[in-house]
Amino acid sequence: MEQTPGGSASTNAMRSFWDRRARENPMWFVHSTLDYAHPDSDEFWRSGEETLDRTLEPFDVQVTRRDRVLDVGCGVGRITRALAQRAESVVGLDVSKEMVSHAATNLAGLDNVEVVLGNGRDLSPIPDASVDVAYSFLVFLHVPDPAVTCNYIAEMGRVLRPGGWTLFHVSEDPAAHLPENRPDPGLADRLRAALRRRPRGTKEAQWVGAAVDRADVLDALRRGGLELEASVGDGTLYCLLYARRQ
434 MEQTPGGSAS TNAMRSFWDR RARENPMWFV HSTLDYAHPD SDEFWRSGEE
484 TLDRTLEPFD VQVTRRDRVL DVGCGVGRIT RALAQRAESV VGLDVSKEMV
534 SHAATNLAGL DNVEVVLGNG RDLSPIPDAS VDVAYSFLVF LHVPDPAVTC
584 NYIAEMGRVL RPGGWTLFHV SEDPAAHLPE NRPDPGLADR LRAALRRRPR
634 GTKEAQWVGA AVDRADVLDA LRRGGLELEA SVGDGTLYCL LYARRQ
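Sequential numbering from 434 applies to the sequence shown in this note's numbering.
This is the structure in C-alpha cells:
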C-alpha cells in the first residue's frame, strides 16, 4: 500500500509549531508584514480582502454566491472571512488547534463558515467532490516536506466537484529556503524575542519551509484529476497556480 506523505511525527511537529505561534502572536504569524509588537487588527482583516483580490485577478476568476469554498491552511481566518463575504459557504481547515480556535472565535458571527482541524497530511475531513473552489495562500511555502505539499495539491482535486477550480500558492525557489539566506538575529533581536517584542521560531523548519519542483506539482495535479490552466510567478517564492477539476 502506498503511504501518505508525512506521519504522526510530522503532524505533531507542525501542530506544535503553529500552536506555539498562535499563542505567541497569531496575527503576525498569519500576516508578517504587521508590526509584531502592535499588530493592527483593522489592517489585518483588510489585508485579507486585498490578498484575495490580488490573487484572483491574474486568472480573471471570482468567488460567487453559488460557490462552496475550502480554505486550506486558514489560520485565524484572515482570508476565510473575505471568502465568506462572497461565497455560499466556506470551510476553513488548519493543522493547528490553537489557530482553529482563534478562527472559530473570529468568524463566529458568520453563519456560512465552518472551521475544522486538519491532520497535516491530507484533506480527509473534507468529503469527495464537496466544494466548488479550493484556495490556499501563504501556506504550502511553510511546509518542510514537498511531498506533503504535493499530497495536499492532489487532495484538492479529490474534494473538488467536476468543473471546480483551485488556486494555490507554492514556492519554486529553493534558494529562498536555505539557512544562509535567512538573516541571523543579532543579540538585540534575540533579547527582543525573549521579551516578546520580536517573533520567535522563524528559524524552525515549519516556518522556513521548502520549495516544490514544478514536475512534482504537475504530477500531483494529474493524480488529483486537475488540469493546470495558468500560473504566475514561476520559479519564485510566490508562485500562484490555477487549475480545474476534470
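Ideal Cβ placement from N, Cα and C applies to all residues, glycine included.
Checklist entry - Within 10 angstroms of its Cβ, does Glu588 collect 16 or more other Cβ (buried), or is it exposed? => result Locating residue 588 in the sequence shown gives position 155, counting from the first residue. By the neighbour-count definition (other C-beta atoms within 10 Å, threshold 16), Glu588 is a buried residue.
Item to check | Buried/exposed call for Ala442, threshold 16 Cβ in 10 Å | outcome: Residue 442 sits at position 9 when you count from the first residue of the sequence shown. So Ala442 counts as exposed.
Checklist entry - Which residues in the same chain as Gly553 place their Cβ atom closer than 7 angstroms to its Cβ, once the five residues preceding and following it in sequence are excluded? => result Sequence index remark: in the sequence shown, residue 553 carries index 120 (1-based). So the list reads Gly439, Ser443, Thr444, Met447, Arg448, Val528, once near-sequence residues are dropped.
Next on the checklist: Here's a check: name, in chain order, each residue in its chain whose Cβ is nearer than 6 angstroms to the Cβ of Arg498, leaving out the five neighbours to either side.
Outcome noted: As a working note, residue 498 is residue 65 in the sequence shown. Excluding residues within five positions, the ones whose Cβ falls inside 6 angstroms are Glu521.
Checklist entry - Quick one: what's Ala663 bridged to in DSSP? => result One-based indexing of the sequence shown puts residue 663 at position 230. Answer is Tyr675, bridged to Ala663.
Next on the checklist: Going by DSSP, what residue range makes up the alpha helix (DSSP H) through Glu547?
Outcome noted: As a first step, residue 547 is located in the sequence shown; it is residue number 114 there, counting from the start. Taken as a continuous stretch (DSSP letters only), Glu547 belongs to no alpha helix (DSSP H), being part of the beta strand (DSSP E) at 546-550.
Checklist entry - From this set, Asp493, Asn539, Ser534, which residue's C-alpha is nearest Ile512's C-alpha? => result Walking along the sequence shown from the start, residue 512 turns up at place 79. Ile512 has its Cα closest to that of Asn539, out of Asp493, Asn539, Ser534.
Item to check | the segment 463-483 in contact with the segment 665-675 per 3-pair CB rule at 8 angstroms | outcome: Touching, no, given that fewer than three Cβ pairs across the two stretches are closer than 8 angstroms.
Checklist entry - Got a sec, what are the start and stop residues for the beta strand (DSSP E) His602 sits in? => result Taking the sequence shown and counting its residues from 1, one reaches residue 602 at position 169. First-last of the beta strand (DSSP E) with His602: 593-603.
Checklist entry - Using the C-alpha atoms, what's the distance from Glu531 back to Trp451? => result Position 18 of the sequence shown, counted from the start, is the residue given in the question as residue 451. Position 98 of the sequence shown, counted from the start, is the residue given in the question as residue 531. Rounded to whole angstroms, Trp451 to Glu531 spans 8 angstroms at the Cα level.
Checklist entry - Excluding five sequence neighbours on each side, which residues of the same chain lie with their C-beta closer than 8 angstroms to the C-beta of Leu526? => result As a working note, residue 526 is residue 93 in the sequence shown. Excluding residues within five positions, the ones whose Cβ falls inside 8 angstroms are Leu503, Asp504, Val505, Gly506, Cys507, Val548, Val549, Leu550, Gly551, Leu556, Pro558, Ile559.
Checklist entry - Per DSSP, which one or two residues make a beta bridge with Leu503? => result Position 70 of the sequence shown, counted from the start, is the residue given in the question as residue 503. Answer is Val524, Ala567, bridged to Leu503.
Checklist entry - Can you tell me where the alpha helix (DSSP H) with Ser449 in it begins and where it stops? => result Taking the sequence shown and counting its residues from 1, the one referred to as residue 449 is at position 16. Per DSSP, Ser449 belongs to the alpha helix (DSSP H) from 441-457.
Checklist entry - Hey, His610 and Val641: beta-carbon distance below 7 angstroms or not? => result Along the sequence shown, read from residue 1 onward, the residue named residue 610 stands at position 177. Along the sequence shown, read from residue 1 onward, the residue named residue 641 stands at position 208. In this structure, Val641 lies closer than 7 angstroms to His610 by Cβ.
Next on the checklist: By the three-class DSSP mapping on this structure, what secondary structure does Ile559 have?
Outcome noted: Position 126 of the sequence shown, counted from the start, is the residue given in the question as residue 559. Coil at Ile559, not helix or strand.
Checklist entry - What is the DSSP secondary structure of Asp652, reduced to helix, strand or coil? => result Counting from one through the sequence shown, the residue named residue 652 turns up at place 219. The answer is helix: DSSP assigns Asp652 an H, G or I state.
Next on the checklist: Excluding the 5 residues flanking Phe573 on each side, which residues of the same chain have their C-beta closer than 6 angstroms to its C-beta?
Outcome noted: As a working note, residue 573 is residue 140 in the sequence shown. Once the five neighbours on either side are set aside, the close Cβ partners of Phe573 are Thr582, Val603.
Checklist entry - Out of Ala567, Val576, Ser474, Val533, which has the shortest C-alpha to C-alpha gap to Glu605? => result Within the sequence shown, residue 605 is the residue found at index 172, counting from 1. For Glu605, the closest alpha carbon among the candidates Ala567, Val576, Ser474, Val533 is that of Val576.
Checklist entry - So what does DSSP say about Thr669, is it helix, strand or coil? => result Taking the first residue of the sequence shown as position 1, residue 669 is located at position 236. Thr669 falls in the coil class under three-state DSSP.
Item to check | Limits of the alpha helix (DSSP H) - the one that Asp486 falls within | outcome: Along the sequence shown, one-based indexing puts residue 486 at 53. From DSSP, the alpha helix (DSSP H) with Asp486 extends over 474-489.
Checklist entry - Where do the ends of the alpha helix (DSSP H) carrying Ser465 lie? => result Locating residue 465 in the sequence shown gives position 32, where the first residue counts as 1. No alpha helix (DSSP H) holds Ser465; DSSP gives it neither H nor E.
Checklist entry - Where does Pro577 fall in DSSP's three states? => result Working through the sequence shown from its first residue, we reach residue 577 at position 144. Reduced to three states, the DSSP call for Pro577 is coil.
Item to check | Counted within 10 angstroms of its Cβ, other Cβ atoms place Ala541 as buried (16 or more) or exposed | outcome: Mapped onto the sequence shown, residue 541 falls at position 108. Burial call: exposed.
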